[in-house]
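Residue numbers (this note's numbering), protein chains in the order written: chain A, 105 to 455; chain B, 105 to 455.
Just so you know, even glycine gets a beta-carbon here, dropped at the ideal spot from N, CA and C.
One structure is given below, encoded as structure tokens.
Number of protein chains: 2
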Amino acid sequence: MKIVPVILSGGAGTRLWPESRKSFPKPFMAMPDGETLIEKTLARARALADGGPIITVTNQHYHQLTHDAYENAEAHSNRHIFLLEPEARNTAPAITMAAAWASEALGDDVCLVILPSDHLIADVANFRAATDKATELAAAGQLVTYGIKPSRPETGYGYIKAAAPLLSGFAVDSFVEKPDLKTAEGYVASGNYLWNSGMFCFTPGSFLKAADEIATELLAGARACLAATECSDDTITFDRDSFGELQAISVDYAIFERATNVSVVAGDFDWNDVGSWQAISDLAASDAGGSVQDTVLVDSENVYVRNSGRLVALVGVSNLIVVDTPEALLICDRSKTQQVKDVVEKLKERQ
Amino acid sequence: MKIVPVILSGGAGTRLWPESRKSFPKPFMAMPDGETLIEKTLARARALADGGPIITVTNQHYHQLTHDAYENAEAHSNRHIFLLEPEARNTAPAITMAAAWASEALGDDVCLVILPSDHLIADVANFRAATDKATELAAAGQLVTYGIKPSRPETGYGYIKAAAPLLSGFAVDSFVEKPDLKTAEGYVASGNYLWNSGMFCFTPGSFLKAADEIATELLAGARACLAATECSDDTITFDRDSFGELQAISVDYAIFERATNVSVVAGDFDWNDVGSWQAISDLAASDAGGSVQDTVLVDSENVYVRNSGRLVALVGVSNLIVVDTPEALLICDRSKTQQVKDVVEKLKERQ
Chain A
105 MKIVPVILSG
115 GAGTRLWPES
125 RKSFPKPFMA
135 MPDGETLIEK
145 TLARARALAD
155 GGPIITVTNQ
165 HYHQLTHDAY
175 ENAEAHSNRH
185 IFLLEPEARN
195 TAPAITMAAA
205 WASEALGDDV
215 CLVILPSDHL
225 IADVANFRAA
235 TDKATELAAA
245 GQLVTYGIKP
255 SRPETGYGYI
265 KAAAPLLSGF
275 AVDSFVEKPD
285 LKTAEGYVAS
295 GNYLWNSGMF
305 CFTPGSFLKA
315 ADEIATELLA
325 GARACLAATE
335 CSDDTITFDR
345 DSFGELQAIS
355 VDYAIFERAT
365 NVSVVAGDFD
375 WNDVGSWQAI
385 SDLAASDAGG
395 SVQDTVLVDS
405 ENVYVRNSGR
415 LVALVGVSNL
425 IVVDTPEALL
435 ICDRSKTQQV
445 KDVVEKLKER
455 Q
Chain B
105 MKIVPVILSG
115 GAGTRLWPES
125 RKSFPKPFMA
135 MPDGETLIEK
145 TLARARALAD
155 GGPIITVTNQ
165 HYHQLTHDAY
175 ENAEAHSNRH
185 IFLLEPEARN
195 TAPAITMAAA
205 WASEALGDDV
215 CLVILPSDHL
225 IADVANFRAA
235 TDKATELAAA
245 GQLVTYGIKP
255 SRPETGYGYI
265 KAAAPLLSGF
275 AVDSFVEKPD
285 LKTAEGYVAS
295 GNYLWNSGMF
305 CFTPGSFLKA
315 ADEIATELLA
325 GARACLAATE
335 CSDDTITFDR
345 DSFGELQAIS
355 VDYAIFERAT
365 NVSVVAGDFD
375 WNDVGSWQAI
385 SDLAASDAGG
395 SVQDTVLVDS
405 ENVYVRNSGR
415 LVALVGVSNL
425 IVVDTPEALL
435 ICDRSKTQQV
445 KDVVEKLKER
455 Q
């Protein structure tokens with residue numbers, strides 16, 4: 105079955121402040137290897153699309169940035185459909201709108217593969233193998249999640265508990281929230297739990313059928329929004345008023361945790377949700393993630409410095425992440441990077 | 105006896121990098137109360153000079169900055185003599201040159217009071233009282249050091265062990281280096297030890313006589329330098345070649361630890377050697393030493409942030425000092441601020 109990748113890149117990424125800002129969000133940040141997340145995600149999508157169309161759902165403010173990034177990646181051979189959100193409303197509206205549009209424009213005989221643009225996957229071959237399994241399940245009417253075999257008792261991710269084998273994957277027993285360390289260790293030891301990656305595979309028809317049953321209001325709203333939207337070319341900006349009325353909820357809560365035809369494939373590849381500075385620093389080879397030329401360490405260890413031309417000196421400190429941008433400076437303990445979003449909250453409160 | 109203050113402000117203050125830099129050294133840094141060290145020192149000098157002349161020994165590169173600072177302080181009523189060093193060579197050459205110049209130009213019937221420009225003294229009345237005691241001793245031919253009654257077992261200062269009472273002070277038993285904590289606690293408990301403040305009081309004649317006996321080469325070199333120097337007005341730049349030949353050594357080592365007529369007065373006033381960021385942060389009232397407006401703290405405590413307009417956010421950290429300047433950023437553990445000078449060393453090595 106033909107695969108149509110759906111790139112999701114509308115989020116602001118507040119945990120990666122100050123580099124990820126509203127005007128310059130996470131997908132456009134360069135990773136330690138120099139490539140941006142959107143470039144990496146596009147490459148992943150192109151490998152699946154096999155020359156066919158690629159859908160990108162993003163905020164309308166990021167259309168130009170995204171378009172330019174794709175041009176730079178010389179991705180001209182694919183047809184690109186941009187579905188532009190007037191505002192960020194979490195993943196359920198974005199994915200439901202994409203499914204509704206695809207069903208009308210491309211038909212139901214395709215597999216949509218949802219690719220958040222803040223994931224890193226180095227092992228393309230095993231990702232492709234997991235996708236082959238997922239499309240087999242999707243073709244059988246399943247709503248398929250990508251689980252990742254856990255390499256450590258990570259407490260920053262949600263988990264999926266697998267049930268009985270089903271075709272090339274497993275039925276899903278349950279979705280579980282981010283666990284504490286002890287619980288996570290039990291999950292890893294049991295062998296029945298997979299990281300919930302936030303990637304999905306399904307046909308538009310299966311998704312819309314499930315939405316019709318368990319998220320009736322959301323689907324009706326999405327259909328109304330699509331009807332009110334001008335869809336005559338491949339750059340489509342959703343009707344502002346009706347899109348703004350869709351419930352801002354994750355697709356996990358709205359659909360996957362409640363549908364009965366949900367299954368999971370066990371991905372056997374390195375996967376990194378670039379959700380925090382800790383995750384980015386893990387990708388960096390050396391202590392000084394930025395220019396070593398611009399960093400001086402005295403009696404300091406296990407630090408990650410991301411600087412932008414200015415000299416940064418560290419004396420007698422350890423386990424720190426330092427992100428220095430022209431507008432703002434972040435100094436964060438390595439184990440507290442999830443709290444960076446609280447800085448953005450505090451700044452919002454002040455204004 | 106007439107007091108002639110001698111302000112010493114030629115040092116670079118590498119432990120206060122990055123604010124104190126070669127081009128903008130420590131005396132010109134604003135303290136948390138907004139006033140610069142040189143302004144504070146000038147005020148202290150004027151209170152002693154009683155309208156008379158004030159000598160300032162500084163690097164020739166800092167002449168304009170110093171002159172401007174004095175103009176701003178409306179210190180026009182004093183005669184200002186600037187003795188300008190072509191290069192920094194520690195305190196013995198600076199003080200010996202000042203004594204030699206004063207002996208010739210002002211005569212020996214004055215008390216020179218040596219005031220380093222990186223000290224803070226809030227209690228002017230008790231400082232004045234100590235100076236009255238010091239001048240009594242100086243008039244009797246003594247080389248007088250200002251000791252400070254220790255308020256805590258500080259390990260960052262040297263100590264002076266007092267011997268028998270002598271006039272309004274004490275003879276000096278010995279000078280001791282920076283002690284470890286246990287030793288410092290013993291010093292404080294004994295009551296015989298005073299902090300060595302680095303302030304001195306003597307007549308030019310007494311100093312030169314001692315130098316002639318125990319630092320013969322230094323004095324001969326200083327006299328040769330003064331002879332080679334154009335001294336016709338009050339801004340005097342020492343002859344470069346002969347000044348450069350003077351031994352770069354502290355006046356403590358060269359004179360005070362070796363002369364036999366050294367005494368100490370017991371100063372009973374708050375005294376702070378602004379030698380490190382720890383010392384400066386101690387002066388700040390709140391956690392955020394800079395603009396609180398520009399600082400965001402999340403799950404952080406006991407931090408001192410000195411920022412210059414840019415937003416600084418701290419997440420999950422404690423006991424840090426952050427100094428953010430347009431050129432460079434310092435992040436330092438509060439207990440390691442003495443090592444900041446190692447950053448400057450490393451930077452020198454790179455260039």
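- Within the model, the alpha-carbon separation for A:F311 versus A:T200 is close to 8 Å.
- Taking C-beta atoms as the reference points, B:F360 and B:L247 count as a pair closer than 8 Å.
- Taking 8 Å as the threshold, the shortest C-beta distance from A:D446 to chain B falls below it.
- Counting the other Cβ atoms within 10 Å of the Cβ of A:R410 gives 16 or more, which makes it buried.
- For A:Y174, same chain residues with a beta-carbon under 7 Å away, outside a window of 5 residues either side, are L146 and H184 in chain order.
- The distance from the Cβ of A:V444 to that of A:S422 is about 19 Å, inconsistent with a contact at the 8 Å cut-off.
- With respect to chain A, the C-beta atom of B:S124 has no partner C-beta closer than 8 Å.
- What B:I435 touches in chain A, judged by beta-carbon distance under 8 Å, is V416, A417, L418, V419, V421, L424, V426 and I435, going in chain order.
- Distances from the CA of A:I353 to each of A:A196, A:R119 and A:Q168 were compared; the closest alpha carbon is that of A:A196.
- Counting only Cβ-Cβ distances below 9 Å, A:Q443 has contacts in chain B at V402, D403, V419 and G420, in chain order.
- What A:K144 touches in chain B, judged by beta-carbon distance under 9 Å, is nothing: the nearest beta carbon there is about 27 Å away.
- With respect to chain A, the C-beta atom of B:S439 has a partner C-beta closer than 8 Å.
- Annotation: Cβ neighbours of A:E431 in chain B (cutoff 9 Å, chain order): R414 and L415.
- Ranked by how close their Cα comes to the Cα of B:I142, the residues B:A177, B:S127, B:P157 and B:L271 have B:A177 in first place.
- B:I111 places its beta carbon 8 Å or farther from that of B:C215.
- For the alpha helix (DSSP H) assignment, the uninterrupted runs of no fewer than 4 residues enclosed by the stretch 228 to 269 of chain A are, from N- to C-terminal side, 228 to 243.
- If you ignore the 5 residues before and after B:N230, its C-beta comes within less than 8 Å of the C-beta of G371, D372 and F373, all in its own chain and listed in chain order.
- Neighbourhood of B:L285 in chain A, by CB distance below 9 Å: empty, with the nearest CB roughly 18 Å away.
- Leaving aside the five residues that flank B:I340 on each side, the residues in its chain whose CB is nearer than 8 Å to its CB run, in chain order, I185, F186, L187, L188, W205, T333 and E334.
- Assignment of B:R410 by DSSP, reduced to helix, strand and coil, places it in the strand class.
- DSSP, reduced to helix, strand and coil, places A:W381 within a helical segment of the structure shown.
- In the three-state scheme derived from DSSP, where H, G and I count as helix and E and B as strand, A:N176 is classed as helix.
- The beta carbons of B:D403 and B:L415 sit no closer together than 8 Å.
- Interface flag for A:K450 against chain B is set, since a Cβ pair is found closer than 8 Å.
- Secondary structure of A:C335 (DSSP, three-state): coil.
- A:K450 is classed as exposed because its beta carbon has fewer than 16 other beta carbons within 10 Å across all chains shown.
- Here B:D277 is near B:K265, since their CB atoms are less than 8 Å apart.
- Going by beta carbons, B:P122 and B:T441 fall outside the 8 Å limit.
- Here A:G211 is exposed, its C-beta having fewer than 16 other C-beta atoms within 10 Å.
- Taking a C-beta distance under 8 Å as the contact criterion, A:W299 and A:P269 do not qualify as a contact pair.
- By a beta-carbon distance limit of 8 Å, A:Y250 does not contact A:D377. Their separation comes to about 12 Å.
- The beta carbon of A:A226 sits closer than 6 Å to those of D374, all from its chain and outside the five residues before and after it, given in chain order.
- Here B:T140 is buried: its Cβ has 16 or more other Cβ atoms, across all protein chains shown, within 10 Å.
- Within the model, the alpha-carbon separation for B:A202 versus B:V369 is close to 22 Å.
- The continuous beta strand (DSSP E) containing A:K106 extends over residues K106 to L112.
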